[in-house]
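All remarks here apply to the structure that follows.
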Amino acid sequence: MNKHTLKLAALLALAICCGALSAKPAPWWRWNSKIDPASTACAQTSPGEGWERGYGPYQDARCEKLLVTR
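To convert a position in the sequence shown, counted from 1, into my numbering, add 852.
Right under this line is the structure:
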């Protein structure tokens, strides 16, 4: 490999690392059961077909701290 190719590979690796460092975790949502209205779940993704997304987003897995978006 020549110098130009090595520099390009190093810049590409640096760009990939920087992108990963700026990633944020997915928000949590309160999910409501379509079958039993009293049942709720807190998850980042849908628990299944019998659930619909309710209130949120939240910062934590207990769905207690609302996520402030600007």
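The C-beta atom is built at its ideal place from N, Cα and C for all residues, glycine as well.
| message | Between Cys869, Pro879, Asn854, Ala875, which has its C-alpha nearest Thr921's C-alpha? | response | Considering only alpha carbons, the answer is Pro879.
| field | Candidates Ile868, Glu904, Ala893: closest to Cys915 by CA position | value | Measuring from the Cα of Cys915, the nearest candidate turns out to be Ala893.
| task | Look up Asn884 in the DSSP assignment and give the residues it is bridged to. | result | In the DSSP output, where bridge partners are listed per residue, Asn884 has Thr892, Glu904.
| In this structure, what does DSSP give as the bridge partners for Leu918? | In the DSSP output, where bridge partners are listed per residue, Leu918 has Tyr910.
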